[in-house]
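In what follows, a structure is listed as structure tokens, so that the remarks can point back to it.
The following block contains the structure:
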């Protein structure tokens, strides 16, 4: 054990030494990209309306902030994605757990689930409008449709591949029914569920631009559509940057789940 | 805890088992006495694990009868611990029947001391060495009110020296907490060092070809005369 302790410490010192580099390298790439962007717009390779300069994007960013629109749009989008995603989680994970445990249910439902998984959520837009009219609901519906299927399927696959030894041990110690599900099956797939949460959240967030084409009057996706209609690409880029940054940020938050002590095994083995 | 080994009963009568058209066990008769350590040795693939699966009730034999009384627990070759539970939480599985939390706590402390893992109570299995993990498994099956322990090559995934140590460890633990043990292995040293009785199995379909009683008291050194003698006999029986 002393050996393990030592090697752990080494890893830590190594991380500290590379810590500054870790932050510096992506920053470096960012600066290079910004410079290239700036150069291209500076020499007017493309007309200004087709490729806004960094400066004009920055200006539009300040405008949006001052008008208070940006904050409002961020909140609206976060709310829609959160609701759609949470509904997916609440329905998708139990569905996946159930399917994973029942072979015949899997045989019955998996082709259908796969079919819907491969339907782009954009295909549902006309239905979203007709069924849910305007407001948050169509967007929430589209986000749900985008994230439910991958989440349910990933959970199912994880359950179906739990080593049988866990169930034998569970039988030795009298785990049955609900207790078996919550104390054995669920913790056994939790690391994989967390991974699939991150993936399906990513999908949900990507869909926001399309989802807010429909019936919305605010939101980051709506902001982009409005910018397009007004040929204000500087504003569109500004919204794109916010969408990317928020997506990264929330993924970082979800990644924190992988640091829970009782799921570490899933990532270190 | 309590001396419940006398309550255990384990009898296999004319047990045969087929996987499809492959006959794995043929007319197997095994009686394990309370408190006895019976080691099954045999060539790999001869159906040793099938016997344990039949004893534990995990599979039903094609024909024959199984009498089992008492609480049965199994130690697996590896990865039998729940990786999402800490050392003490894993051991707690064995104490599930204890309702009184103060007794539970006392038992836990005692078990941790017994396997010399003080200070590792809140470590997770992946943070332990293979030998430590198997010790936790031993503590878990010994915890509470188990009667019969089934061991499915519990030390075969460990390195040689750790394996030697674990044998002595098992002898010591059984000294403190006697149990009826059915131990399956392909390691004849292990058999000679641990068993009250060795059952040598034939190739598939497995039958008991030789029964060796060993009266030398445990712990037995690997190079003790009695152990060497037993190993010779088993080797002869296996045609090696």
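Protein chains in written order, with our numbering: chain A, 17 to 285; chain B, 26 to 265.
In this text, a Cβ means the ideal position worked out from N, Cα and C, and glycines have one as well.
Quantities reported herein were computed from a predicted structural model and do not represent experimental measurements.
Practice problem: Answer with yes or no whether the minimum CB distance from residue 230 (chain B) to chain A is below 8 Å. | Solution: Your numbering for residue 230 (chain B) matches position 205 in the second chain. Closer than 8 Å: no.
Quiz prompt | Ranges of the alpha helix (DSSP H) found wholly within the region 76-132 of chain A, counting only runs of at least 4 | solution = 85-117
Quiz item: residue 163 (chain B) CB to nearest chain A CB: under 8 Å?
Solution: In the second chain, the residue the question calls residue 163 (chain B) occupies position 138. So, not an interface residue.
Quiz prompt | Touching by the beta-carbon criterion (3+ pairs, under 8 Å), the region 59-71 of chain B and the region 131-150 of chain B | solution = no
Exercise. Closer than 7 Å by beta-carbon distance: list the chain A residues that pair up with residue 83 (chain B), in chain order.
Key: Here residue 83 (chain B) is taken as the residue at index 58 of the second chain, counted from 1. Residues of chain A passing the Cβ test: 184.
Quiz item: Looking at residue 142 (chain A) and residue 148 (chain A), is the spacing between their C-beta atoms short of 8 Å?
Solution: Taking the first residue of the first chain as 1, we reach residue 148 (chain A) at position 132. Taking the first residue of the first chain as 1, we reach residue 142 (chain A) at position 126. Not closer than 8 Å, so no.
Self-check item: Alpha-carbon to alpha-carbon, residue 113 (chain A) and residue 201 (chain A)
Solution: Your numbering for residue 201 (chain A) matches position 185 in the first chain. Your numbering for residue 113 (chain A) matches position 97 in the first chain. Straight-line Cα distance between these residues: approximately 8 Å.
Self-check item: Closer than 8 Å to chain A by CB, residue 192 (chain B)
Solution: Start at 1 with the first residue of the second chain, and residue 192 (chain B) comes out as number 167. Cβ-Cβ to chain A under 8 Å: no for residue 192 (chain B).
Practice problem: At 4 residues or longer, and completely inside the region 174-208 of chain A: list those alpha helix (DSSP H) runs for me, N to C. | Solution: Whole alpha helix (DSSP H) segments, 4+ residues: 180-188 and 193-196.
Exercise. Report yes if the C-beta of residue 198 (chain B) is less than 7 Å from at least one heavy atom of the ligand SAH; otherwise report no.
Key: Questions concerning the ligand SAH fall outside what the structure shown contains, since it holds no ligand whatsoever.
Quiz item: Excluding five sequence neighbours on each side, which residues of the same chain lie with their C-beta closer than 6 Å to the C-beta of residue 208 (chain A)?
Solution: Locating residue 208 (chain A) in the first chain gives position 192, where the first residue counts as 1. Answer for residue 208 (chain A): 174, listed in chain order.
Quiz item: Is it buried or exposed for residue 134 (chain B), if we count other Cβ within 10 angstroms and need 16 for buried?
Solution: The residue labelled residue 134 (chain B) in the question sits at position 109 within the second chain. Flag for residue 134 (chain B) reads exposed.
Exercise. Look up residue 56 (chain B) in the DSSP assignment and give the residues it is bridged to.
Key: Counted from its first residue, the second chain places residue 56 (chain B) at position 31. According to DSSP, residue 56 (chain B) bridges with B:36.
Practice problem: Measuring only between beta-carbons, confirm whether residue 99 (chain B) sits less than 8 Å from chain A. | Solution: Residue numbering aside, residue 99 (chain B) sits at position 74 when the second chain is read from its first letter. Closer than 8 Å to some Cβ of chain A, the Cβ of residue 99 (chain B) qualifies, so yes.
Quiz item: By a C-beta neighbour count over all protein chains shown, 10 Å radius and 16 as the cutoff for buried, is residue 190 (chain A) buried or exposed?
Solution: Residue 190 (chain A) sits at position 174 when you count from the first residue of the first chain. Classification of residue 190 (chain A): exposed, given that the 10 Å Cβ count is below 16.
Quiz item: Can you find a CB in chain B that lies within less than 8 Å of the CB of residue 248 (chain A)?
Solution: For the purposes of this step, residue 248 (chain A) is taken as residue 232 along the first chain, with counting starting at 1. No - not a single Cβ of chain B is within 8 Å of the one on residue 248 (chain A).
Quiz item: If you count every other CB in all the chains shown that lies within 10 Å of the CB of residue 84 (chain A), and 16 or more means buried, which is it?
Solution: Locating residue 84 (chain A) in the first chain gives position 68, counting from the first residue. It counts as exposed.
Practice problem: Whole angstroms is fine: what's the gap from residue 154 (chain B)'s alpha carbon to residue 108 (chain B)'s? | Solution: Counted from its first residue, the second chain places residue 154 (chain B) at position 129. Counted from its first residue, the second chain places residue 108 (chain B) at position 83. Take the alpha-carbon of residue 154 (chain B) and the one of residue 108 (chain B): they are about 13 Å apart.
Quiz item: Using Cβ-Cβ distances below 9 Å, what residues of the region 258-281 of chain A are close to chain B?
Solution: Of all residues in the region 258-281 of chain A, those with a C-beta nearer than 9 Å to a C-beta of chain B are 277, 278, 279, 280 and 281, reading in chain order.
Self-check item: Residues in the region 103-115 of chain B having any Cβ partner in chain A nearer than 7 Å
Solution: 104, 105, 107, 108 and 109
Quiz item: For a contact meaning CB atoms closer than 9 Å, what does residue 151 (chain B) contact in chain A?
Solution: On the second chain, position 126 is the one that residue 151 (chain B) refers to. Near residue 151 (chain B) (Cβ distances below 9 Å), the residues of chain A are 280, 281, 284 and 285.
Quiz prompt | C-beta neighbour in chain B for residue 209 (chain A), strict 8 Å | solution = Your numbering for residue 209 (chain A) matches position 193 in the first chain. No, no contact with chain B.
Exercise. Verify the CB distance criterion: does residue 202 (chain B) have a CB-CB separation below 8 Å to chain A?
Key: What you label residue 202 (chain B) is simply residue 177 of the second chain in a count that begins at 1. So, not an interface residue.
Exercise. Please list, in chain order, all residues of the same chain as residue 90 (chain B) whose beta carbon is under 6 Å from its beta carbon, the five residues on each side excluded.
Key: Residue numbering aside, residue 90 (chain B) sits at position 65 when the second chain is read from its first letter. Result list for residue 90 (chain B): 38, in chain order.
Self-check item: Sequence-distant residues of the same chain with beta carbon closer than 6 Å to residue 172 (chain A), five excluded per side
Solution: Counting from 1 along the first chain, the entry for residue 172 (chain A) is found at position 156. So the list reads 112, 115 and 116, once near-sequence residues are dropped.
Self-check item: Contacts around residue 52 (chain B), its chain only, beta-carbon distance under 7 Å, and the 5 residues preceding and following it disregarded
Solution: Here residue 52 (chain B) refers to the residue found at position 27 when the second chain is read from its first residue. Closer than 7 Å at Cβ, skipping near neighbours: 39, 41 and 232.
Quiz item: Helix, strand or coil for residue 208 (chain B) per DSSP?
Solution: Residue numbering aside, residue 208 (chain B) sits at position 183 when the second chain is read from its first letter. In the three-state reduction of the DSSP assignment, residue 208 (chain B) falls in the strand class.
Quiz item: Which residues, taken in chain order from the region 209-224 of chain A, show a beta carbon closer than 7 Å to some beta carbon of chain B?
Solution: Answer in chain order: no residues at all.
Quiz item: What residues from chain A crowd round residue 245 (chain B), counting only those whose CB sits closer than 8 Å?
Solution: The count along the second chain starts at 1 and reaches residue 245 (chain B) at position 220. Those do not exist, as residue 245 (chain B) stays about 29 Å from chain A at its closest Cβ, beyond 8 Å.
Quiz item: Under the three-state reduction of DSSP, which class applies to residue 152 (chain A): helix, strand or coil?
Solution: For the purposes of this step, residue 152 (chain A) is taken as residue 136 along the first chain, with counting starting at 1. In the structure shown, residue 152 (chain A) sits in a helix (DSSP, three-state: H, G or I).
Self-check item: Distance between beta carbons of residue 171 (chain B) and residue 119 (chain B), contact taken as under 8 Å
Solution: One-based indexing of the second chain puts residue 119 (chain B) at position 94. One-based indexing of the second chain puts residue 171 (chain B) at position 146. About 7 Å separates the two Cβ atoms, so the contact holds.
Quiz prompt | Chain-ordered chain A contacts of residue 121 (chain B) [CB-CB under 8 Å] | solution = Locating residue 121 (chain B) in the second chain gives position 96, where the first residue counts as 1. Within chain A, the residues near residue 121 (chain B) are 189 and 190.
Quiz prompt | Closer than 8 Å at the beta carbon, the chain B residues around residue 181 (chain A) | solution = In the first chain, counting from the first residue as 1, residue 181 (chain A) sits at position 165. Those are 101, 104 and 105, listed as they occur along chain B.
Quiz prompt | One or two residues paired with residue 192 (chain B) in a DSSP bridge | solution = In the second chain, residue 192 (chain B) corresponds to position 167, counting from 1. In the DSSP assignment, residue 192 (chain B) forms no beta bridge with any residue.
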